[in-house]
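First residue of the sequence shown: 194, per my numbering; consecutive thereafter. Reviewing the structure listed below.
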Amino acid sequence: MLGLKLPTDPRWVNIVEKNIEEILTDHAYCEQKAASTAISLIVSFPEYTELVQEMVALVKEEISHFKMVHDKIIERGWTMGRDRKDEYVLQIVKFFPKGGSRTMQLVHRLLYAALIEARSCERFRLLSEELEDKTLAEFYRNLMVSEANHYTMFLGFARQYGERKEVDAKWDELLAFEAEVMKNLGTSETIHG
Ligand SMILES: [Fe+2]
Ligand SMILES: [Fe+2]
């Protein structure tokens, strides 16, 4: 349903389980970056009224996710650490060439956002199924549902604002590229690592 071409090896969860502090820290930043992305889309594409309205709602939702994760960090007696580099996102966003029409740039950013939501959703699903800590597993199950909705929304906007056939072709190419990137990941205790 998410279109991803390479599923994560479930052994990734074993790595994560050994370092919950690390995954929560990285996850907190993912939520914060999701909120920042929504704000950035509002600033860059203010004339897309429907998008702006949805992005306002998304900022609120993602920052509430951030707080939920931050609360988990506090509950466990930890203090949030510094931001980690997200190698996955850094590699993914190199796929589409820079430039092009305004619409094309918007479509590319929407497709990146859809992809990052899809992969996050897949990782959350694994955590929800495999984590031994059942409270944390339930926490990830709820977040998985939210991120699946975001994936659908971003892909829907890309298809709405771009030319449908072209967007679908680009999406397919991006998914294939992502599968290549993922071959070298799944080995660290970060949401996309
Ligand atoms: Fe989120
Ligand atoms: Fe999201």
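Even glycine gets a Cβ: it sits at the ideal position worked out from N, Cα and C. As the structure is a prediction and not an experimental result, all values here were calculated from the model.
Here residue 216 is near residue 382, since their CB atoms are less than 8 Å apart. When 336, 232, 325, 326 are compared, the shortest CA-CA separation from residue 316 is found for 336.
Per the coordinates, the alpha-carbon of residue 249 lies some 21 Å from the alpha-carbon of residue 220. When Cβ pairs closer than 8 Å are counted between the two stretches, the region 262 to 275 is seen to touch the region 201 to 218, the count reaching three or more. Burial state of residue 313 is buried, judged by a 10 Å Cβ sphere holding 16 or more other Cβ atoms. In this structure residue 372 is exposed. Its beta-carbon is surrounded by fewer than 16 other beta-carbon atoms within 10 angstroms. Contact annotation: the region 290 to 308 touches the region 361 to 372, with at least three C-beta pairs closer than 8 Å. Taking 7 Å as the cut-off, the C-beta of residue 310 counts as close to a heavy atom of ligand 2. Per DSSP, reduced to three states, the secondary structure at residue 216 is helical.
Residue 195 has its Cβ no nearer than 7 Å to any heavy atom of ligand 1.
By the CB criterion at 8 Å, residue 354 and residue 299 fall inside the cutoff.
Here the C-alpha atom of residue 204 lies approximately 10 Å from the C-alpha atom of residue 319. If you check the C-beta of residue 257 against ligand 2, you find no heavy atom less than 7 Å away. Between residue 245 and residue 228, the C-beta spacing is not below 8 Å.
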